[in-house]
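Residue numbers for the sequence shown, in mature numbering (1 follows the signal peptide of the UniProt record, and there is no 0): -19 to -1, 1 to 379. Even glycine gets a Cβ: it sits at the ideal position worked out from N, Cα and C.
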Amino acid sequence: MKQFLTLVAVCIFSLSAWAQETVAVNTGDLISPEVKNQTVTFRLLAPEAREVWVETDFFEKSRQQTPLGEVEMAGRQRMEKGENGVWSYTVALPAPELHTYCFYVDGVRMLDPSNVYMLRDIATYMNYFLVDGALSENYFVREVPHGTVAKVWYPSPSLGMERRRMTVYTPAGYEEGTKRYPVLYLLHGAGGDENAWSELGRAVQILDNLIAQGKAEPMIVVMPNGNGAQQAVPGEYPNSMYKPSFMNPKTMEGSYEKAFPDIMNFVESHYRTINDKAHRAIAGLSMGGFHSLYISANYPDKFDYVGLFSAAINRESKGENTYIYKNLEEKLAIQFAAAPKLYFIAIGNADFLYQDNVEFRQLLDRHGYKYEYAETDGGHEWRNWRKYLNNWLPKLFK
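Right, here's the structure in full:
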């Protein structure tokens, strides 16, 4: 018996030592990125590599022609190799923001093994770090009351699905009270999913902070999956272990907009909502802006607040649901006869959808429809969409 216990103890010790060894091998004591003295340093241990580059969202960008038009591409800088096999690159601390980066080692893209903080954008993972400041102060987790984030399944008979998933934010204190709340429906872009706004968009942190500061009204925020052929983000429903892609079946062809009342009906029957136009808002980025435009135009009595963030505007579609996109001017006339309290349009001056948004605003101007417009630097990117959300939320439900 004593021998058996000794053997067990040896095995446990060996497993523990192996686990510690594995952690040490994976991370070591290398610090990357290191923010110090108004600089940030990236480091990577790669003694056999011939060349290593770091790519970030704040290096000087290049422009590249794509099927979507001319878009901005992230910039890269070559790293220097030290005698210890550690490659490094130091640069002045960038502006306050959530910044993303990755490495290229002998032409192969890889993440920073020293940084556990990662984000997924469609099928691409990136490391990130935060720089604090006035612009980004609400992107941080602060010592404030926190809301609750839930992954919720709902039925969508219009899409022929018994279960679809969405992310729902309820403000701090919701579970303990009886108060009813306004609702914002916040929609993602092409290739995104129900996780996009809560992860890449820092929507939860922004909401917690703005509500705690008294700048935004406490609200319920619904972040659904906007891909009509998906039940949820790939991997979260049966037989869905496939690589996410930019464009999916039943994307921007009318079925999602047609089925949107399924989402609203579920939310208004399962949450303490205020069920009138004055207490509903809808907004989205890119494809989500496109959805917001056409959902609000097709259901003109539902939303008093509409936000189009870098919105796609025009879409040629075929199929039984294309009536959703037809006769837009006539639908806008009905919508603006009892005009929304706030119709908000925002886009970056380098966005490939910029001209489409110019033409849409010209349409609104011709008819004298009131809207609020914000133009920022940069292109089709999350740093702009976080900024739009942060600036738009305090305007809602006033």
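Quiz prompt | Residue nearest to I255 in terms of C-alpha spacing, selected from M200, Q46, L25, L116 | solution = M200
Quiz prompt | Rounded C-alpha distance that separates G170 from P75 | solution = 26 Å
Quiz item: What are the boundary residues of the alpha helix (DSSP H) that D189 is part of?
Solution: 184 to 193
Quiz prompt | Buried or exposed (CB count within 10 angstroms, at least 16 for buried), K312 | solution = buried
Quiz item: How many angstroms separate the CA atom of I315 from the CA atom of T71?
Solution: 56 Å
Practice problem: To the nearest angstrom, report how far apart D285 and L334 are at their CA atoms. | Solution: 25 Å
Practice problem: Just confirm the distance between the C-beta atoms of Y304 and Y275, as a whole number of angstroms; I'd bet it's less than 8 Å. | Solution: Not a contact, Cβ separation roughly 11 Å.
Quiz item: According to the Cβ coordinates, are I294 and D332 closer than 8 Å?
Solution: no
Quiz item: Which residues bound the beta strand (DSSP E) around D102?
Solution: 99 to 102
Exercise. Could you check which residue in S250, G265, R253, N246 has the C-alpha nearest to that of G207?
Key: G265
Quiz prompt | Simplified DSSP assignment, three categories, for M200 | solution = coil
Exercise. Please name the residue, chosen from A30, V89, T37, K42, that lies closest to G360 on a Cα-to-Cα basis.
Key: K42
Self-check item: Cβ contact (3+ pairs, closer than 8 Å) linking the segment 51 to 63 and the segment 348 to 364
Solution: yes
Exercise. Tell me, please, which residues DSSP counts as bridged to G329.
Key: T357
Practice problem: Starting from the C-beta of S277, find all residues in its chain whose C-beta is less than 8 Å away, skip the five residues before and the five after it, and write them out in chain order. | Solution: I263, K283, F284, V287, Q316, P321
Quiz item: Can the beta-carbon of V86 be found less than 8 Å from the beta-carbon of R57?
Solution: no
Self-check item: Residue burial classification, L344 (beta-carbon count within 10 angstroms, cutoff 16)
Solution: exposed
Quiz item: Should K239 go down as buried or exposed, given a rule of 16 or more other Cβ atoms within 10 Å for buried?
Solution: buried
Self-check item: Top-ranked residue by Cα proximity to A292, from K299, L309, P281, H272
Solution: H272
Practice problem: Have a look at E29 and G66 and give me their C-alpha separation to the nearest angstrom. | Solution: 8 Å
Quiz prompt | Own chain, CB closer than 6 Å to Y166, minus 5 neighbours either side, in chain order | solution = V203, I263
Quiz item: Hey, out of P126, R90, Q45, whose CA is closest to P190's CA?
Solution: One point to set straight first is that residue 190 is Asn, not Pro, in the sequence displayed. Answer by Cα proximity: P126.
Quiz item: Among L309, Q194, N220, E198, which has the Cα closest to the Cα of F378?
Solution: E198
Exercise. State the Cα-Cα distance for the pair S250 and F121, rounded to the nearest angstrom.
Key: 33 Å
Exercise. Pick out whichever of V21, E15, L11 has its Cα sitting closest to the Cα of A27.
Key: L11
Practice problem: Please report the residue range of the alpha helix (DSSP H) in which I263 lies. | Solution: Here I263 belongs to no alpha helix (DSSP H); instead the beta strand (DSSP E) covers 261 to 266.
Quiz prompt | Expected contact under 8 Å - CB spacing of I192 and P163 to nearest Å | solution = With a Cβ gap of about 12 Å, I192 and P163 do not count as contacting.
Quiz prompt | For Y354 and V339, the rounded distance between their alpha carbons | solution = 11 Å
Self-check item: Assigned exposure category for Y135 - 16 Cβ within 10 Å defines buried
Solution: buried
Practice problem: Just tell me which of D113, R342, A210, P219 has its CA closest to the CA of K231. | Solution: A210
Quiz item: For the candidate residues E32, T47, Q46, V21, whose alpha-carbon lies nearest to that of F40?
Solution: V21
Quiz item: Taking the alpha-carbon positions, what's the G114 to N302 distance?
Solution: 46 Å
Self-check item: Run of the beta strand (DSSP E) containing H251, from where it starts to where it stops
Solution: Unbroken run through H251 is the alpha helix (DSSP H), 236 to 251; no beta strand (DSSP E).
Quiz item: Taking the continuous alpha helix (DSSP H) assigned at H80, which residues delimit it?
Solution: Here H80 belongs to no alpha helix (DSSP H); instead the beta strand (DSSP E) covers 78 to 86.
Self-check item: L374 beta carbon less than 8 Å from that of I103
Solution: no
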